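Following our numbering, the numbering of the sequence shown begins with 11 at its first residue and continues without gaps.
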Amino acid sequence: MSLQTAALSRRFSVAPMMDWTDHHCRYFLRLLSKHALLYTEMVTTGAILHGDRERFLRHNEAEHPLALQLGGSVPADLAACARMAQDAGYDEVNLNVGCPSDRVQNNMIGACLMGHPALVADCVKAMRDAVSIPVTVKHRIGINGRDSYAQLCDFVGQVKDAGCTSFTVHARIAILEGLSPKENRDIPPLRYDVAAQLKRDFAELEIVLNGGIKTLEQCAEHLQVFDGVMLGREAYHNPYLLAEVDQRLFGSTTPVISRAEVLAQLRPYIAEHLAAGGAMHHITRHVLGLGTGFPGARRFRQLLSVDIHKAADPLALLDQAGALLEGR
């Protein structure tokens with residue numbers, strides 16, 4: 011069990027995002043905020059049980075507080091993976107009941123599970139019986155054909171009875187056929203009112219709001235109603251937003267880190283990755299969002315996304331990009 015668990019707070023978290031929130035991205039985001047809870051990309055139970063387990067569970071100690079998000083629907087498999095997550099030092103394990111992709115639906119993973127609350131309850135119970143770290147669920151407010159408020163309450167009620175006390179609610183339904191995962195993040199309307207009603211009706215549960223949140227002002231507003239906020243795409247595309255999270259949402263008195271300092275602190279990590287045979291763009295692709303909203307930002311992004319592939323000395327290029335952040 012990680013030493014960090016006692017301090018685990020879901021007041022502000024960064025959502026699990028496929029192909030984005032890998033261990034390099036999380037290391038970078040942690041430089042911006044010490045208190046934000048970070049999530050892995052969703053990892054399926056099959057990948058962990060039958061694939062390169064070490065790769066899927068890999069993380070740096072600096073990433074804590076850190077949660078592993080699992081995709082699956084076989085209670086015994088989820089329990090086994092939850093145990094591995096605990097043994098690997100994760101602070102929380104989260105079950106994905108929100109991903110709308112066809113690929114996962116065919117394997118009974120993600121949002122389609124909202125139609126099977128008893129199965130989700132069995133999964134949560136099996137995971138909770140296997141570990142002492144928190145087991146949480148991230149879900150939608152419904153799926154097409156099963157999107158009434160009564161059905162949402164039935165889902166949350168059954169999962170609560172299995173012992174889950176923390177629910178992260180993406181405040182849209184998922185449309186399981188006809189929309190791509192990308193469209194499912196934009197087209198179904200946001201219904202913060204439904205999530206707020208859920209918090210009123212299940213006051214004893216921790217309800218974290220996810221979906222469409224873009225600013226720390228909005229975070230502060232939502233925190234008057236909800237126990238926590240989770241940001242996804244905005245935190246990735248505009249990561250410098252995280253630099254003020256500790257001061258504004260956690261009462262930290264540490265000075266806000268500058269963009270230039272973030273890149274300087276990331277440099278030794280990048281150097282180590284290069285020395286181990288890795289490519290710099292594995293890491294810097296996650297950093298491009300630091301280059302937004304100031305003169306030279308476009309050049310910064312170009313250096314780290316285009317020029318990087320032909321650079322003989324990647325660290326010299328990094329320093330060139332870093333110079334553009336001076337005073338930022």
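Beta carbons: idealized from backbone N, C-alpha and C, even for Gly.
Small disclaimer: the values here were computed from a predicted structure and weren't measured.
Legend entry - Range covered by the alpha helix (DSSP H) that runs through Tyr279: 269-285
Legend entry - Top-ranked residue by Cα proximity to Gly287, from Pro324, Phe38, Pro127: Pro324
Legend entry - Opening and closing residue of the alpha helix (DSSP H) in which Met52 lies: Element bounds for Met52: not the alpha helix (DSSP H) but the beta strand (DSSP E), 47-54.
Inset, instruction - Taking Val297 as the reference, give the member of Ala285, Ala274, Glu193 with the closest Cα. - result: Ala274
Legend entry - Those runs of the alpha helix (DSSP H) which lie wholly inside the segment 82-121 and span at least 4 residues: 85-97, 112-115
Inset, instruction - Could you pull out every residue in the same chain whose Cβ sits closer than 6 Å to the Cβ of Ala321, ignoring the five residues on either side in sequence? - result: Leu327
Legend entry - Within 8 Å, strictly: CB atoms of Arg40 and Ala72: yes
Legend entry - His126 (DSSP reduced to helix, strand or coil): coil
Inset, instruction - Please check the pair Arg93 and Val141, which I expect to be a contact at CB under 8 Å, by giving their CB distance rounded to whole angstroms. - result: 6 Å
Legend entry - Neighbourhood of Ala95 by C-beta distance below 8 Å, restricted to the same chain and skipping five residues each side: Leu67, Leu78, Leu80, Val103, Val141, Ile143
Legend entry - Cutoff 8 Å: Leu334 Cβ touching any chain B Cβ: Given the protein chain composition of this structure (a single chain), no chain B is represented.
Inset, instruction - Counting only the same chain and skipping the five closest in sequence on each side, list residues whose C-beta sits under 7 Å from that of His232. - result: Leu219, Ile223, Val239
Inset, instruction - Report buried or exposed for Asn106, applying the criterion of at least 16 other Cβ atoms within 10 angstroms of its Cβ. - result: buried
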